[in-house]
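Working notes, structure below.
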Amino acid sequence: MNYQQTILNEISCSGTGIHSGKKVSMKIKPAKANTGIVFTRIDIDSKPKIEAKLDNIFDTFRSTKIKKNNYSIMTIEHFCAACFALSIDNLNIDIDSEELPILDGSSKLYIDLLLNAGVKKLEKKTQKIKLNRYIKVTNKLSTIEYFPSDNLEFTVNIDYNSDVLLKQKAILKNLNDFKLEIAPAKTFCFFKEIDDLKNKGLIQGGSLNNTIIFLEKNSKNNKFKKGILNKESITFDNEPARHKLLDLIGDLSLIGQKISGKIIANKPGHLINIKFAKELYKIMKKTNKVPSINFQEKPLMDLDKIKKILPHREPFLLIDEIRELNENHVIGVKYVKKEEDYFRGHFPGEPVMPGVLQIEAMAQTGGILALSTVPDPENYLTYFMKINNVKFKRKVIPGDVIIFELELVAPIRRGICQMNGRGYVGENVVIEAELMAKIDKEDR
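In terms of the numbering used here, the sequence shown opens at residue 7 and continues consecutively.
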């Protein structure tokens, strides 16, 4: 477990907002643990504070904008990415305008600034959250996927269907490499977009010093290398993809929590970045919490409906209800009845549900999730391939109600289904396991 951090010394910087075109100065100050990243608009008499967090997201067109009580701050992503990469969790920032300075269009100068201020460890601990399920968020042609992993890794793919800005990929496998590999990547746009953006009141502070400009076609003029108006600004061959990765990190930092996992983004942008961040945050809040079920409501599937999907029958049908089901997630219920035949021998006088049957009940719940992906589940069977990291936390006895929650850790491919599962009785986890199964069409 790591500790929260801030900076050692107060620092200042100034510049121009890329969209507002206004001059702006920032004073970045150390902050106490659990403060977060907080901006104070000192140009306003009431000096309103605006926290850099998901709840305050206001707009994502061409930059990330936060707003609270009618006061806003925009283009925070480059600064927030630098803070996240350096594990700086707490800062108070005084700012005298509505937009952060764009500086050179990257995070490099922010990284240098924060490192010059020094990093200070605070007394409060911070925990890295690892989610145990696969997550996919889509928006038109863009997708972002999350895969469980002990490390934090990013892959970004971009494709603008352009003869000049070709398909690109950027990869970051270690956050320690952000400073050299990602931070220097500048923002960019196409020459054909400039007039429209200016007419919308944007990029008023844009220049060839802070933005890479791509021409629509390769120019015959040797001055313009590969259709790039300001080729001297290019640091990397795949700079646009690296900058999109930078933006993604800045937007995900608004979760306010360190995370681990493998994140793959195809055609990302601020809109889908924030949508993905909100989905991660929503699931993080539920992690390790007992699923909330209203047992007064009818289940999504009762025993009769379950039998239409699973081939199991009594006495080996061990799941009674399905309460929740989507493409990545399922919640099932097992009512542990004293009449269950296995209690006669396990154990006489002190009945306990065998662990292997708990695993089977969990697997049957997962079978509903796996078989829900095929159009004719009644024609398929599900077979165990592997069980890992099984832990039995507490005895299960007659009268208990087990709530099983299973989540995919990767998309189902070629019939292979990988899931993480937990079983709860009351407020307690009684079983957890990693399961792998294969669904096969039944030979008749």
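Note that CB positions come from ideal geometry on N, CA and C, so glycine has one too.
- Per-residue DSSP class, three states only, for residue 91: Residue 91: helix per DSSP, three-state reduction.
- Measure the CB-CB distance between residue 342 and residue 327 and report whether it falls below 7 Å. Note that the C-beta distance between residue 342 and residue 327 is not below 7 Å.
- Rounded to a whole number of angstroms, what is the C-alpha to C-alpha distance between residue 52 and residue 45? Their backbone Cα atoms lie some 13 Å apart in a straight line.
- Would you say residue 74 and residue 56 are within 7 Å of each other, going by their C-beta atoms? In contact: residue 74 and residue 56 (Cβ atoms closer than 7 Å).
- Which stretch, first to last residue, makes up the beta strand (DSSP E) that contains residue 339? Start and end: 335-341.
- Whole-Å CB distance - residue 216 paired with residue 108, under 8 Å assumed: About 5 Å separates the two Cβ atoms, so the contact holds.
- Query: Between the C-alpha atoms of residue 30 and residue 238, what's the straight-line distance to the nearest angstrom?
  - Reply: Answer to the nearest angstrom: the Cα atoms are 26 Å apart.
- Task: Classify residue 64 as buried or exposed, calling it buried when 16 or more other Cβ atoms lie within 10 Å of its own Cβ.
- Result: Exposed is the call here.
- Task: Look at the alpha carbon of residue 155 and the alpha carbon of residue 136, and state the distance between them as a whole number of angstroms.
- Result: Straight across, the Cα-Cα distance linking residue 155 with residue 136 is about 7 Å.
- Message: Considering only the alpha carbon of each residue, which of 272, 346, 190, 203 lies closest to residue 321?
- Response: Out of 272, 346, 190, 203, 346 has the C-alpha closest to the C-alpha of residue 321.
- Item | Residue range of the beta strand (DSSP E) that includes residue 282 | Premise fails: residue 282 lies in the alpha helix (DSSP H), 276-292, not in any beta strand (DSSP E).
- Query: Among 379, 360, 62, which residue has its Cα nearest to the Cα of residue 76?
  - Reply: When the alpha-carbon of residue 76 is set against those of 379, 360, 62, the nearest one is in 62.
- Task: Kindly provide the ranges of any beta strand (DSSP E) runs that are 3 or more residues long and lie completely inside the segment 313-378, ordered along the chain.
- Result: Complete beta strand (DSSP E) runs here, min 3: 327-332, 335-341.
- Item | Nonlocal neighbours in the same chain, by C-beta distance under 6 Å from residue 47, ignoring five residues either side | Cβ neighbours of residue 47 beyond the five flanking positions: 54, 77.
- Query: Touching or not, the segment 198-216 and the segment 159-177, by the rule of three or more beta carbon pairs under 8 Å?
  - Reply: Taking 8 Å as the limit for Cβ pairs, the verdict is that the segment 159-177 does not touch the segment 198-216.
- Given residue 299, which residues of its chain have a CB within under 6 Å of its CB, disregarding the five upstream and five downstream residues? Correct list, in chain order: 329.
- Three-way DSSP call (helix, strand, coil) for residue 383 in this model: DSSP, reduced to helix, strand and coil, places residue 383 within a helical segment of the structure shown.
- Query: In terms of residues, what are the limits of the beta strand (DSSP E) holding residue 47?
  - Reply: Residue 47 -> beta strand (DSSP E) spans 43-47.
- Task: Determine the direct distance from the alpha carbon of residue 442 to that of residue 315, and round the result to whole angstroms.
- Result: Approximately 19 Å between the Cα atoms of the pair.
- Limits of the beta strand (DSSP E) - the one that residue 267 falls within: Run containing residue 267: 265-272, per the beta strand (DSSP E) assignment.
- So, residue 106 versus residue 85, is the Cβ gap smaller than 7 Å? A distance below 7 Å separates the beta carbons of residue 106 and residue 85.
- Helix, strand or coil at residue 216 [DSSP, three-state]: Three-state DSSP puts residue 216 in coil, outside helix and strand.
- Query: In chain order, what residues of the same chain have a beta carbon less than 7 Å from the beta carbon of residue 406, not counting five sequence neighbours either side?
  - Reply: Take residue 406, set aside five residues on each side of it, and the residues of its chain with a beta-carbon closer than 7 Å to its own are 342, 431, in chain order.
- Through-space distance from residue 196 to residue 26, alpha-carbon basis: Residue 26 and residue 196 have their C-alpha atoms some 19 Å from each other.
- Task: Give, in chain order, every unbroken run of the beta strand (DSSP E) that is at least 3 residues long and sits entirely within the segment 104-176.
- Result: Listed in chain order, they are 125-132, 141-145, 148-153, 158-164.
- Message: With a threshold of 6 Å on Cβ separation, who are the neighbours of residue 117 within its own chain once the five nearest residues in sequence on each side are excluded?
- Response: Result list for residue 117: 88, 185, 189, in chain order.
- Message: Three Cβ pairs or more, each shorter than 8 Å: is that satisfied between the segment 278-291 and the segment 301-319?
- Response: Result no; under three Cβ-Cβ pairs closer than 8 Å.
- Query: Does DSSP put residue 184 in a helix, a strand or coil?
  - Reply: Three-state result, residue 184: helix.
- What does DSSP give as the partner residues of residue 394 in its beta bridges? Secondary-structure assignment with DSSP links residue 394 through a beta bridge to 440.
- Separation of residue 72 from residue 248, as counted between CA atoms: The alpha-carbon atoms of residue 248 and residue 72 are separated by roughly 24 Å.
- How long is the line joining the alpha carbons of residue 448 and residue 386, rounded to whole angstroms? Roughly 5 Å between the two C-alpha positions.
- Message: Just list the residues that DSSP pairs residue 302 with in beta bridges.
- Response: Per DSSP, none; premise fails for residue 302.
- Per DSSP, the bridge partner or partners of residue 433: Note: residue 433 sits in no beta bridge, so no partner.
- Buried versus exposed call for residue 157 [16 or more other C-beta atoms within 10 Å across all chains shown]: Exposed is the call here.
- Item | is_contact[residue 234, chain B] using C-beta, thresh 7 Å | Reference to chain B is not applicable here, since this structure consists of a single protein chain.
- Out of curiosity, what's the CA-to-CA distance linking residue 259 and residue 23? Each residue's Cα considered, the two are about 21 Å apart.
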